[in-house]
Amino acid sequence: MNAAPRDDRIEVSLAVTANRVVAVMISARRPVGIGRLAEGRDGDAVAALLPRLFALCGRAHSAAFAAACAMARGVVLPEPTMLAHGAAVLAERMSELLRGTLVALAGPALPSLAPALRQISEAARRFDGAALPDAAAIDAIEAGLVALGLPRHCLDDLASYQHWLVTNGPLAALHAALLTSDAAFGAVAIDALAARDDAAIGAALRQQGAPFAARPQLDGRVPETGALARQAAHPLIKQLGAGLGAGLSAGLGARLVARLIEIRATPDQLRAVLRGELPSDLVTAAPLAANDAIAAVEGARGRLHHLVALDPHGRVSQLEMLAPTEWNFHPQGALCRALSALQLRADGADQQRVERLVAAFDPCVAFCVKLTEATDA
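Residue 1384 in our numbering sits at position 339 of the sequence shown; the count goes up by one each step and never skips.
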């Protein structure tokens, strides 16, 4: 997914003194130069290139570019095209959230869950962004989720969630011990990136380009994005966050549950798409000036932005991409805030807890965590 070979990764370093985190450093080596590959190319050629560049969230990138490119031409995507892109984003988002959850938590149990995960992933790939499949693909996803122990209405509110946790379903078993013992770990107030921020992001990308995309901020704010930000108003997330701090806060438990809420909601959302209904903030686009536009897509890891500018001949003169990881793993972002006041020991057990929290922020590249004793705070 890179313009040039690199060892893309995120390093999270914590200094601990007297069992307390006293310093956090987050450094990232992320894909660069992809926008330059688009310059001078016809929009259709760029659209064909993007899925080969992005191993993760390729459907989201395709949808964002298509919507931005159409708007830069002064038109909107036809409704069937928009619905196909939206369904592909929803299916990809669900598949990525589920895969990440199982890989992070299943451990030795992963092989037993692989058949259901494979069934869901294969059905999700039928939503390819080109056309809508029939309802059989949604039925296959639904059956796979039930096989994993994620039935309808199991996460509607605190009562249904508590009942679900003591069932024998595979996903409930994976979550139960962790969520009852470490649910509040890394609790932090939620400042969610939202559609209302798109105009400011578009203006900053247009004026600053790659430097803003690499280190974004909005008048001093570094909001977070992803499943938790999208589900912050969900009754269960609000109930889980009660008592964790001022305002709406969330720890590791709420982050993992927000993923499950979105996974479980996907079949019904896909059925709505087949009826011609699309979530309002899923794929959006707006003009910025003549021949350029900003689009945003709510993908697996959060709100992805593409800015596209076209030259007089309709070729791409500028393509800027702002990935969700740049918000969540910003040196002053939500992960940093969540880590900054933790009570920790610089040992293997607490390193594993931190790794789970970092994974819950869902980076799109590999990451490592380093805990060290700071002798001089």
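Even for Gly, the Cβ is constructed at its ideal location relative to N, Cα and C.
Per DSSP, the continuous beta strand (DSSP E) segment holding Q1363 begins and ends at V1361 to L1367. Every alpha helix (DSSP H) stretch that sits fully inside the stretch 1086 to 1137 and reaches 4 residues is listed by chain position as 1088 to 1098 and 1103 to 1117. Distance from the CA atom of G1231 to the CA atom of V1361, rounded to whole angstroms, is 42 Å.
For the 8 Å CB-CB criterion, R1138 and A1345 form a contact.
Between L1319 and L1177, the gap from beta carbon to beta carbon is short of 8 Å. In the three-state reduction of the DSSP assignment, A1169 falls in the helix class. When Cβ pairs closer than 8 Å are counted between the two stretches, the stretch 1249 to 1268 is seen not to touch the stretch 1313 to 1327, the count staying below three.
With fewer than 16 other beta carbons inside 10 angstroms of its own, T1417 counts as exposed. Among the bridge pairs identified by DSSP, K1415 is matched with S1058. In this structure, P1376 is the residue among C1409, D1179, A1168 and P1376 with its C-alpha nearest to the C-alpha of L1059. E1269 has A1237 as its beta-bridge partners, per DSSP. Between S1294 and V1069, the C-beta gap is not smaller than 8 Å, which leaves the two residues out of contact.
Residue pairing of H1351 in beta bridges, as defined by DSSP: A1340 and M1366. Counting along the chain, R1074 sits inside the beta strand (DSSP E) bounded by residues R1065 to R1074.
With contacts defined by Cβ atoms closer than 8 Å, G1247 and A1331 form a contacting pair. About 7 Å separates the beta carbons of I1165 and L1190, which is inside the 8 Å limit, making them a contact pair. Annotation: A1234 to P1312 spans about 30 Å, alpha carbon to alpha carbon. The beta carbon of K1415 lies closer than 8 Å to those of E1056, V1057, S1058 and L1059 in the same chain, with the five residues before and after it left out.
Cβ atoms of L1195 and L1216 come within 8 Å of each other, at about 5 Å.
The closest CA to that of F1374, considering only R1171, E1400, D1407 and D1087, is found on D1407. Using a 10 angstroms sphere on the CB of S1107, the tally of other CB atoms reaches 16 or more, which defines it as buried. With fewer than 16 other beta carbons inside 10 angstroms of its own, C1413 counts as exposed. Apart from the 5 residues on each side of it in sequence, T1126 sits with its Cβ closer than 8 Å to the Cβ of A1111 in its chain, given in chain order.
Around the beta-carbon of A1182, 16 or more other beta-carbon atoms lie within 10 Å, marking it buried. No Cβ-Cβ contact shorter than 8 Å links L1158 with A1168. DSSP places L1384 in the uninterrupted alpha helix (DSSP H) bounded by A1379 to S1385.
Less than 8 Å separates the beta-carbon of V1067 from that of A1419. Around the C-beta of A1411, fewer than 16 other C-beta atoms lie within 10 Å, and the residue is accordingly described as exposed. Between the alpha carbons of A1334 and H1351 lies a gap of roughly 15 Å.
With fewer than 16 other CB atoms across the displayed protein chains lying within 10 angstroms of its CB, S1226 is exposed. When rounded, the separation of the alpha-carbon atoms in D1242 and P1268 is 10 Å.
Between G1298 and I1071, the alpha-carbon positions lie close to 22 Å from each other.
Within the same chain, and ignoring the five residues on either side of R1054 in sequence, the residues whose Cβ sits closer than 8 Å to its Cβ are A1073, R1074, V1410, A1411, F1412 and C1413.
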